[in-house]
Every structure is written in C-alpha cells, then in structure tokens.
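J.: For the sequence shown, numbering that gives the first Met the number 0 gives the first residue as 0, with consecutive numbering after it. For each residue, glycine too, the CB sits at the ideal point set by N, CA and C. Just so it is clear, the structure is predicted and the values come from calculations on it, not from any experiment.
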Amino acid sequence: MINVQKKDSSGQSAVFPDRTHLEGSISKKDTFPETNRIITVTDLDYYYGDFKILDNIKLNVNTNSIFGFLGPNGAGKTTTIKILLGLLSAPHNKVYLFGKELRKNRIEILSRTGSLVENPSIYHHLTASENLKILAVMLGIKRTKIDEVLEIVGLSNAGSKKAGSFSTGMKQRLGIAKALLPDPELIILDEPTTGLDPGGIIEIRELLLSLKNDHGKTIFLSSHLLSEIEKICTDVGIINKGKILFQGSMEELNKLNNTHLQVKTNSMEKTRIYFDKRKTGYITISQNTFDLPYRSDQATSGLVKDLVKNGIDIYSVEKKENTLEELFINIIER
Ligand code: ATP
Numbered sequence: 000m001i002n003v004q005k006k007d008s009s010g011q012s013a014v015f016p017d018r019t020h021l022e023g024s025i026s027k028k029d030t031f032p033e034t035n036r037i038i039t040v041t042d043l044d045y046y047y048g049d050f051k052i053l054d055n056i057k058l059n060v061n062t063n064s065i066f067g068f069l070g071p072n073g074a075g076k077t078t079t080i081k082i083l084l085g086l087l088s089a090p091h092n093k094v095y096l097f098g099k100e101l102r103k104n105r106i107e108i109l110s111r112t113g114s115l116v117e118n119p120s121i122y123h124h125l126t127a128s129e130n131l132k133i134l135a136v137m138l139g140i141k142r143t144k145i146d147e148v149l150e151i152v153g154l155s156n157a158g159s160k161k162a163g164s165f166s167t168g169m170k171q172r173l174g175i176a177k178a179l180l181p182d183p184e185l186i187i188l189d190e191p192t193t194g195l196d197p198g199g200i201i202e203i204r205e206l207l208l209s210l211k212n213d214h215g216k217t218i219f220l221s222s223h224l225l226s227e228i229e230k231i232c233t234d235v236g237i238i239n240k241g242k243i244l245f246q247g248s249m250e251e252l253n254k255l256n257n258t259h260l261q262v263k264t265n266s267m268e269k270t271r272i273y274f275d276k277r278k279t280g281y282i283t284i285s286q287n288t289f290d291l292p293y294r295s296d297q298a299t300s301g302l303v304k305d306l307v308k309n310g311i312d313i314y315s316v317e318k319k320e321n322t323l324e325e326l327f328i329n330i331i332e333r
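#1: Quick one, which of N35, Y46, G85 and V94 has its alpha-carbon nearest K57's?
#2: Any idea what DSSP makes of P292, helix, strand or coil?
#3: Throw me the rounded Cβ distance for the K161 and H123 pair, which I believe falls under 8 Å.
#4: So for G48, helix, strand or coil by DSSP?
#5: According to DSSP, is E317 part of a helix, a strand, or is it coil?
#6: Using a 10 Å radius around the Cβ and a threshold of 16 neighbouring Cβ atoms, would you call V235 buried or exposed?
#7: In terms of residue numbering, what span does the alpha helix (DSSP H) encompassing T77 cover?
#8: Compare the beta carbon distance of T279 and L291 with 7 Å and say whether it is the shorter of the two.
#9: Using 6 Å as the cut-off, classify the Cβ of S144 as near or not near the heavy atoms of ligand 1, replying yes or no.
#10: Identify the continuous alpha helix (DSSP H) that holds F274 and give its terminal residues.
#11: Taking only three categories from DSSP, how would you classify K311?
#12: Please tell me whether, using a cut-off of 6 Å, the distance from the CB of A157 to the nearest non-hydrogen atom of ligand 1 is below it.
#13: Hey, would you say G85 sits closer than 7 Å to R111, going by beta carbons?
#14: Let's test the definition: count the other Cβ atoms within 10 Å of the Cβ of F50 and tell me whether it reaches 16, buried, or not, exposed.
#15: Beta carbon of A89: closer than 6 Å to some heavy atom of ligand 1?
#16: Compute the minimum distance between the beta carbon of G70 and the heavy atoms of ligand 1, and state whether it is under 6 Å.
#17: Of all the options K240, L220 and I203, which has the alpha carbon lying nearest to the alpha carbon of L53?
#18: Alpha carbons only, please: which of G75, V303 and I186 is nearest the one belonging to F289?
Right, here's the structure in full:
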C-alpha cells in the first residue's frame, strides 16, 4: 500500500494510505461503494463547546481486520468511537459503516454492530446466562444463541455463579458476549483490556483473534498501549490531539517504529559468518549478542529455525521497540 505524507494546517505531518481518489466523491453520496470497507470516516471534525476535539479525522477499516485505534489519554479515541456508535451525533456525510451513511441508516448500521464502551453494564445479582437472557428477550434473539455466545467467550462453565463475583476479565468477557449476541459483523471495543491482569489480557487477546479468524468478525478496538495493539492488530490508526498521525498495516507501522531484534547465541563467530553470508545488517552489542532490524514475527521465527539448522544455539531473542512517544517523533519527523 502506498503511503502519502501530508502536512496539515499546523504543519504537523501525517501518514495516510493513498485514498485521495475516493475522497472527492463521498460528500455527494449516501453510500460508499467500497465493498471491502466496513468503516469509512472522512474529514470529520468534532467540537465540545468551543474546543475542537477531532480535527479532520480520516479512517478506513477493512472487513475482517482487527483495527487498532492507538493514542494517548485524551487523544480523541472515545469521542471517535461514540460517533461511530451514534452515541454522539456525527455531521452529515462524514461517517460510513457497511458502505452506508451513518445518520441516514442509523438503525440498520447499529443492528449490525456490537460494542463495549467503558465498563460493561451487567446485572450483578444474575448469572452470565441470565444477563444474556434479558438482552435476548429485548432483542428478540433465540435462547439457543446464548449458549453459543457463552461458549465463544469462554464462560460456558460460569454456571450458577453470579456476575457480581466475576473477575474483571470475566466481566469483560460477559460484556463482549452481550455485544456478540445479535451476531454483529463489526465489533467496536473501547480499551477492552484496561484494568485486566496479564492473564486476563491474554484471554481477551485470544478471544479477539478467534472472533476474527474463526467467526469472520471485524474488530475495531482502541488502546493507549502500542505493545497491546501490535500483538493482535492487522491494521492501525494513530491519533494524537484529535489528529490522525498514521494509518496503515501493522507491517507499515513496524517499518516506522524502527523495531529491532536482539539475538543472543552460543557462538559469536558462527553467527557473524551466518549474517555476513546473508548480508543481514547487524550491530554487535556485546559478546554473542547481535542487534538487527525486526521485520515480522514470521520472519523472526524463520530466522530462529534457520540459525538452529545451521548449528547455532539461541540463548534469547528480544524485540526492542520504541515507546509510543518515540514512535510519534519518528512519524512526525519522517
Ligand atoms: P482516554 O483514553 O483518556 O479516554 P481518549 O483518547 O478516549 O482518552 P476522549 O475521551 O475522546 O479521549 O477525549 C478527547 C478530549 O475531549 C479530551 O481532551 C477530553 O477532556 C475531552 N472531552 C471528552 N468528553 C468531553 C465532554 N463531554 N465535554 C468536554 N470535553 C470532553
């Protein structure tokens, strides 16, 4: 994908995939004809009183992707999500979901979208199944769907336990189960791992991956943690002070992020010969430890296998990356 560097009115740089050919036609239409696009936001501004909170936001989210919306606290993530979900009123012809203009097709769009924004609203004196039953009755959904959804989120065994005694991770999974009940194509989650312990974070991560890979869902999730986004997202949009600084695939972000691998082996000499032969650029950090550019998880796994195949033992492989602040500087200075 081609990225286009643009300077906005404040002189700040932003990196976008080149979709300028699409932008001119949007304002005249109620539909957005890209078949693989599940969310399109174009030139969206939003104000709270006199304060401009979102400034010319553009977003493109492809079907069956996990799109990470990354930004520090106060960047405008929740405001954007609330607009996507019709909780804040969007200007006309700026927000399209499923190719349809949000304001004109609100009910249809929201019936195809599940969400979890802030804490899940749960009846604490009821079980997971009872919580879902209430929603199923309200939405006219068959009861059989409840067991299916509980199975997906891994709460089938929660049995007669009341939701009030659930761990934070279980409550979060119940919140996701509620979002999944109407079988939405798109799931929008605002900071879904906040407040979870490392085990809970891994469970939610695995659940989201399975929703994409096994159930064909598209997931849009926000986070202020680069490390969280890069573990599961296929695509990423970075927002800072209401402006989109970057949008593209995870691979494109990794290139900007200047991520490195530090590989420690059992033999300085053998490893050096191995890298020299393959013309891999590396720096020797210390005895037996090499620093090289990170390409992808798959490439790392291939490298490890190949080193072993060549008689080199691996003591450790460490991914060294920038903080979100350093990444911002890289993007802005690009
Ligand atoms: P966080 O991770 O801290 O929730 P965020 O990226 O989700 O951050 P938003 O909640 O969208 O950011 O807030 C963006 C900006 O809008 C912040 O400066 C915030 O103070 C402001 N803001 C949010 N809600 C309101 C409101 N109801 N009235 C006025 N300003 C608001």
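T.: So, from the listed chains and residues:
#1: Here the closest residue by C-alpha is V94.
#2: strand
#3: 7 Å between Cβ atoms; contact.
#4: Residue state, collapsed to three classes: coil.
#5: In this structure, E317 counts as strand in the three-state DSSP scheme.
#6: buried
#7: K76 to L83
#8: yes
#9: The sequence shown places Lys at residue 144, not Ser. K144: no, Cβ never under 6 Å from ligand 1.
#10: Annotation for F274: the continuous alpha helix (DSSP H) segment containing it runs M267 to K276.
#11: In the sequence as displayed, the identity of residue 311 is Ile instead of Lys. If DSSP states are grouped into helix, strand and coil, I311 belongs with coil.
#12: no
#13: no
#14: exposed
#15: no
#16: yes
#17: K240
#18: V303
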